[in-house]
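Student: Residue numbers (the working numbering), protein chains in the order written: chain A, 10 to 232; chain B, 10 to 232. Can you read through this structure? Questions will come right after.
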DNA sequence: ACGGCGAAATTGTGATCACATAGCCTGTGC
DNA sequence: GCACAGGCTATGTGATCACAATTTCGCCGT
């Protein structure tokens, strides 16, 4: 189920896989969270993860500690570790934070048009649409993440970008359960407008498109 | 220099000290960072911290990993750990993030006036002013942090609050060096307006006061 | 006196072990 | 049939050890 190394899968890997064992473990768990392979409430055990990944519990301990520091994993009062469960308040706050930070990141990205490849972005959006009609939630989440962070990474941000990464790690597992319940077909993102804004080098339009996209995902949750 | 347990010092401890050894180590380091006892560029070694705190390197490893996940500590390419050095771009981004998040947190806090003790806040501000004229940067930073987070904690936020905590951990060591250079006497905060806003139960005024306070700290850096 | 070279110490990483505690499952008594 | 108590297992925590890479310091040669 989980694997280390260059497990690129069908698309661009969400996180790099080079480096120490701990880094590879952390990348594997991050990708599992971002693609919804870890469901909220799922128990995560050090020895379990370690044997699943074929490593000793030690690097897993540090990777899990690193992720739980950003609330991507939850350490319960008894010490057990699990994928955090979502509450209404927490979700509302995450969306508020996303609306504050991600449009800003998009606008910053527009300052570096060289890093913003509109064609690559459009290609990613095509894959998003494919998986939307295909109904494969995991693939959809992978490419939707890739689409957003292709933009965000262009901002060359060292501070806001990690914050937003943490936010995605927090809500991704929950979104997976939502897609499992209502399906992905009802999703109507604003990616096309974002691509057009990138082509037009229009920072304001890009910011608006990202904000609209987030708001759209928010509406899906009201049902 | 560093100590574990109920090392409350002259004022309110910045972080709780109960729990596992790892938690106590992390709290100790957090407080050291927030009060500027750790200077940017300072090398942090696992065995060094461990012997200084009288524990084995193991809990230190996890605490350091947890802090470096939020960029409160920096893991250099060779694996060595140090307090991050500040760059102009990083500082600008941190201030942008603060201006986006902290006023929001202040406004949210106004929704729970029962948690906002205006008298306690005023008392904290008095201690801030004392240490300002006294010139004790470390004490000033402790009480300034306590002042801000007394407000922010009232928001009962589970998402924005940890993000802001991380931001403070990132810029606090750098601010300490700034205070060492220009002194703390030149600081003119907007705490009085914040206290008044709390007394008036005026969410908008509280948001503005916090925003003004952050902007004021920003101006100090232009010199 | 200065620069380079090599040995020694330092440091992070990973593995293994020991231990206390919290779950869990089974067996027993009512 | 069901509740409860017992032991057994799983799990996180902390310590210690081994190791490779890197840094540092002292020594030698020029």
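Each residue gets a CB set at the ideal place from its N, CA and C atoms; glycine is no exception.
Would you say residue 164 (chain A) and residue 217 (chain A) are within 9 angstroms of each other, going by their C-beta atoms?
Tutor: As a position in the first chain, residue 164 (chain A) is number 155, starting the count at 1. As a position in the first chain, residue 217 (chain A) is number 208, starting the count at 1. Contact flag unset, no.
Student: Of all the residues that make up the stretch 104 to 119 of chain A, which are near chain B by a beta-carbon distance shorter than 8 angstroms?
Tutor: Going along the stretch 104 to 119 of chain A in chain order, one finds 105, 106, 109, 110, 113 with a Cβ nearer than 8 angstroms to chain B.
Student: Starting from residue 219 (chain A), follow the alpha helix (DSSP H) in both directions and report where the run begins and ends.
Tutor: Within the first chain, residue 219 (chain A) is the residue found at index 210, counting from 1. Where residue 219 (chain A) is concerned, the enclosing alpha helix (DSSP H) stretches over 212 to 230.
Student: With hydrogens ignored, establish whether the beta-carbon of residue 111 (chain A) is closer than 8 angstroms to any heavy atom of the ligand GTP.
Tutor: This structure lacks the ligand GTP, and indeed carries no ligand of any kind.
Student: Run down chain B in chain order and give the residues with a C-beta less than 7 angstroms from the C-beta of residue 78 (chain A).
Tutor: Mapped onto the first chain, residue 78 (chain A) falls at position 69. Result: 75, 78, 79.
Student: Quick one: list the residues of chain A neighbouring residue 169 (chain B), beta-carbon separation under 8 angstroms, in chain order.
Tutor: Reading the second chain from its first residue, position 160 is the one you call residue 169 (chain B). Simply 102, 105, 106.
Student: Would you say residue 97 (chain A) reaches chain B, if we count a Cβ-Cβ gap shorter than 9 angstroms as a contact?
Tutor: Stepping through the first chain from its first residue, residue 97 (chain A) is reached at position 88. Cβ-Cβ to chain B under 9 angstroms: no for residue 97 (chain A).
Student: Taking only the alpha-carbon atoms, compute the straight-line gap between residue 56 (chain B) and residue 67 (chain B) and give it to the nearest angstrom.
Tutor: Numbered from its first residue, the second chain carries residue 56 (chain B) at position 47. Numbered from its first residue, the second chain carries residue 67 (chain B) at position 58. Their backbone Cα atoms lie some 9 angstroms apart in a straight line.
Student: Taking 7 angstroms as the limit between beta carbons, can you name the residues of its chain near residue 235 (chain B), skipping five residues before and five after?
Tutor: With chain B covering 10 to 232 only, the question about residue 235 (chain B) has no answer from this structure.
Student: Let's see if you can read the secondary structure: which residues bound the alpha helix (DSSP H) around residue 153 (chain B)?
Tutor: Here residue 153 (chain B) refers to the residue found at position 144 of the second chain. Taken as a continuous stretch (DSSP letters only), the alpha helix (DSSP H) holding residue 153 (chain B) covers 146 to 162.
Student: Would you mind working out which of B:147, B:177, B:75 sits nearest residue 161 (chain B), comparing C-alpha positions?
Tutor: Reading the second chain from its first residue, position 152 is the one you call residue 161 (chain B). It is B:177.
Student: Going by DSSP in three states, residue 52 (chain B) sits in which element: helix, strand or coil?
Tutor: For the purposes of this step, residue 52 (chain B) is identified with residue 43 of the second chain, where counting begins at 1. Reduced to three states, the DSSP call for residue 52 (chain B) is strand.
Student: Quick one: give me the first and last residue of the alpha helix (DSSP H) that residue 181 (chain A) is part of.
Tutor: Along the first chain, one-based indexing puts residue 181 (chain A) at 172. Per DSSP, residue 181 (chain A) belongs to the alpha helix (DSSP H) from 169 to 191.
Student: Work out the CA separation of residue 185 (chain B) and residue 99 (chain B) for me, nearest whole Å.
Tutor: Walking along the second chain from the start, residue 99 (chain B) turns up at place 90. Walking along the second chain from the start, residue 185 (chain B) turns up at place 176. If I take the Cα positions, the gap works out to 16 angstroms.
Student: Suppose you measure from the CA of residue 171 (chain A) to the CA of residue 200 (chain B); what does that come to, to the nearest Å?
Tutor: One-based indexing of the first chain puts residue 171 (chain A) at position 162. One-based indexing of the second chain puts residue 200 (chain B) at position 191. Those two C-alpha atoms are separated by around 30 angstroms.
Student: Using a 10 Å radius around the Cβ and a threshold of 16 neighbouring Cβ atoms, would you call residue 25 (chain A) buried or exposed?
Tutor: Counted from its first residue, the first chain places residue 25 (chain A) at position 16. Only weak support exists for where residue 25 (chain A) lies, its pLDDT of 44 falling under 50; the value from the coordinates is given anyway. Residue 25 (chain A) should be labelled exposed.
Student: Hey, does residue 179 (chain A) have any beta-carbon neighbour from chain B nearer than 9 angstroms?
Tutor: For the purposes of this step, residue 179 (chain A) is identified with residue 170 of the first chain, where counting begins at 1. At least one chain B Cβ lies under 9 angstroms of residue 179 (chain A).
Student: Since residue 84 (chain B) sits in a beta bridge, which residues does DSSP pair it with?
Tutor: Start at 1 with the first residue of the second chain, and residue 84 (chain B) comes out as number 75. Residue 84 (chain B) pairs with B:90.
Student: Could you name the residues of the stretch 61 to 72 of chain B whose beta carbon sits closer than 8 angstroms to any beta carbon of chain A, in the order they occur along the chain?
Tutor: The residues in question are 70, 71.
Student: Could you give the C-beta distance for residue 39 (chain B) and residue 71 (chain A), rounded to a whole number, given that I count them as a contact under 8 angstroms?
Tutor: For the purposes of this step, residue 39 (chain B) is identified with residue 30 of the second chain, where counting begins at 1. For the purposes of this step, residue 71 (chain A) is identified with residue 62 of the first chain, where counting begins at 1. At roughly 18 angstroms, the Cβ-Cβ gap does not stay under 8 angstroms, so residue 39 (chain B) and residue 71 (chain A) are not in contact.
Student: Taking the continuous alpha helix (DSSP H) assigned at residue 200 (chain A), which residues delimit it?
Tutor: Reading the first chain from its first residue, position 191 is the one you call residue 200 (chain A). Here the alpha helix (DSSP H) through residue 200 (chain A) covers 200 to 209.
Student: To the nearest angstrom, report how far apart residue 193 (chain A) and residue 144 (chain A) are at their CA atoms.
Tutor: Looking up residue 193 (chain A) in the first chain gives position 184. Looking up residue 144 (chain A) in the first chain gives position 135. Looking at the two C-alpha atoms, the distance is approximately 6 angstroms.
Student: Taking all protein chains shown into account, decide if residue 53 (chain A) is buried (16 or more other Cβ within 10 angstroms of its Cβ) or exposed.
Tutor: The residue labelled residue 53 (chain A) in the question sits at position 44 within the first chain. Buried is the call here.
Student: Quick test of your reading: residue 42 (chain A) and residue 81 (chain A), contact by CB under 8 angstroms. State the CB separation rounded to the nearest angstrom.
Tutor: Walking along the first chain from the start, residue 42 (chain A) turns up at place 33. Walking along the first chain from the start, residue 81 (chain A) turns up at place 72. The pair is a contact, with the Cβ atoms about 6 angstroms apart (cut-off 8 angstroms).
Student: Which word fits residue 88 (chain B), buried or exposed, when buried means at least 16 other C-beta atoms lie within 10 angstroms of its C-beta?
Tutor: To locate residue 88 (chain B), count along the second chain from 1; it is residue 79. Result: exposed.
Student: Kindly indicate which residue of A:125, A:211, A:103 has the alpha-carbon position closest to the one of residue 174 (chain A).
Tutor: Taking the first chain and counting its residues from 1, the one referred to as residue 174 (chain A) is at position 165. Comparing Cα positions, the closest option is A:103.
Student: Where residue 202 (chain B) and residue 157 (chain B) are concerned, what is the direct C-alpha to C-alpha distance, given to the nearest angstrom?
Tutor: Locating residue 202 (chain B) in the second chain gives position 193, counting from the first residue. Locating residue 157 (chain B) in the second chain gives position 148, counting from the first residue. Approximately 13 angstroms, taken between the alpha carbons.
Student: Closer than 9 angstroms between beta carbons: that is the criterion. Which residues of the stretch 171 to 200 of chain A meet it against chain B?
Tutor: Listed in sequence order: 171, 172, 175, 176, 179.
Student: Does the distance from the CB of residue 115 (chain A) to the CB of residue 219 (chain A) come in under 9 angstroms?
Tutor: As a first step, residue 115 (chain A) is located in the first chain; it is residue number 106 there, counting from the start. As a first step, residue 219 (chain A) is located in the first chain; it is residue number 210 there, counting from the start. The answer is yes: Cβ separation under 9 angstroms.
Student: If we ignore side chains and look at the alpha-carbon of each, how far apart do residue 12 (chain A) and residue 47 (chain A) end up?
Tutor: As a working mapping, residue 12 (chain A) is identified with position 3 in the first chain. As a working mapping, residue 47 (chain A) is identified with position 38 in the first chain. Taking the straight line joining both Cα atoms gives about 14 angstroms.
Student: Note down the Cα distance separating residue 181 (chain B) from residue 108 (chain A), rounded to an integer number of angstroms.
Tutor: For the purposes of this step, residue 181 (chain B) is taken as residue 172 along the second chain, with counting starting at 1. For the purposes of this step, residue 108 (chain A) is taken as residue 99 along the first chain, with counting starting at 1. Taking the straight line from one Cα to the other gives about 26 angstroms.
Student: Can you check whether the CB of residue 187 (chain B) is closer than 9 angstroms to the CB of residue 133 (chain B)?
Tutor: Reading the second chain from its first residue, position 124 is the one you call residue 133 (chain B). Reading the second chain from its first residue, position 178 is the one you call residue 187 (chain B). No; because the gap between Cβ atoms is not below 9 angstroms, this pair is not in contact.
Student: Taking only the alpha-carbon atoms, compute the straight-line gap between residue 50 (chain A) and residue 61 (chain A) and give it to the nearest angstrom.
Tutor: Against the first chain, residue 50 (chain A) aligns to sequence position 41. Against the first chain, residue 61 (chain A) aligns to sequence position 52. Distance between the alpha carbons of residue 50 (chain A) and residue 61 (chain A): 19 angstroms.
Student: Whole angstroms are fine: how far does the CA of residue 210 (chain A) sit from the CA of residue 169 (chain A)?
Tutor: Counted from its first residue, the first chain places residue 169 (chain A) at position 160. Counted from its first residue, the first chain places residue 210 (chain A) at position 201. Near 21 angstroms, if we compare the C-alpha coordinates of residue 210 (chain A) and residue 169 (chain A).
Student: Mark residue 198 (chain A) as exposed unless 16 or more other C-beta atoms lie within 10 angstroms of its C-beta, in which case mark it buried.
Tutor: Here the question's residue 198 (chain A) lines up with position 189 in the first chain. Looking at its Cβ environment, which holds 16 or more other Cβ atoms inside 10 Å, residue 198 (chain A) is buried.
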